[in-house]
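Worksheet: one structure, shown below.
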Amino acid sequence: MITIDLLVDATAGLNRPDLDRWIENDWIRPDRDQDTYLFQEIDVARVRLIQELRDDLGIGEEALPIVLLLLDQLYDLRRQMRRFEPGSCRDDFGPSPLDAQLIDLRAVQLSPNERG
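In terms of the numbering used here, the sequence shown is numbered consecutively and its last residue is 317.
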């Protein structure tokens with residue numbers, strides 16, 4: 202985790218008033234420790250995303266909330282879809298017991314009596 206001052210100093214093109222406004226607008230949600238903000242890697246990545254959208258793609262601040270909402274929804278859908286891919290029933294701790302239970306239906310052959 203890094204403080205707001207370190208983030209501003211380490212990020213080219215970032216200024217404190219912009220970052221304060223993004224926090225106030227709830228576009229970035231850093232942790233709070235007494236009187237200071239603490240930013241995790243995900244927060245830093247979001248700051249860079251907002252900078253890229255604004256500076257490189259020319260998306261105005263009035264459109265940023267909509268673009269961020271759509272991107273958040275897209276990322277959430279991608280995470281949900283990964284749960285349904287074969288071999289993807291795992292979490293941060295590695296494969297799940299469910300991985301061993303996945304069945305490749307192409308490999309299942311029914312006997313003539315079971316085909317109906």
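Every residue, glycine too, gets a C-beta built ideally from N, C-alpha and C.
> Do you know whose CA, among Phe285, Asp236, Gln281, Asn216, lies nearest Val248's CA?
Replying inline: Asn216
>> When you compare the stretch 221-237 with the stretch 257-270, are there three or more beta-carbon pairs, one atom per stretch, that lie closer than 8 Å?
In response: Yes: at least three Cβ pairs fall under 8 Å.
> Cα separation between Pro218 and Asp257?
Replying inline: 19 Å
> For the stretch 218-286, which segments carrying the beta strand (DSSP E) assignment without a break, of at least 3 residues, lie completely within its bounds, in sequence order?
Replying inline: Entirely contained in the stretch 218-286, the beta strand (DSSP E) runs reaching 3 residues are, in chain order, 232-234, 237-240.
> Met282: buried (16+ other C-beta within 10 angstroms of its C-beta) or exposed?
Replying inline: exposed
> For Gly261, which residues from the same chain have a beta carbon less than 8 Å from its beta carbon, with the 5 sequence-adjacent residues on both sides left out?
Replying inline: Scanning its chain for C-beta atoms nearer than 8 Å, with the 5 sequence neighbours on each side dropped, one finds around Gly261 the residues Arg255, in chain order.
> Rounded to whole angstroms, how far is the Cβ of Gln241 from the Cβ of Asp232, which I believe are closer than 8 Å?
Replying inline: 7 Å
>> Does Ile251 pass the burial test, meaning 16 or more other C-beta atoms within 10 Å, or should it be called exposed?
In response: buried
>> Between the alpha carbons of Trp223 and Phe285, how many angstroms are there, rounded?
In response: 34 Å
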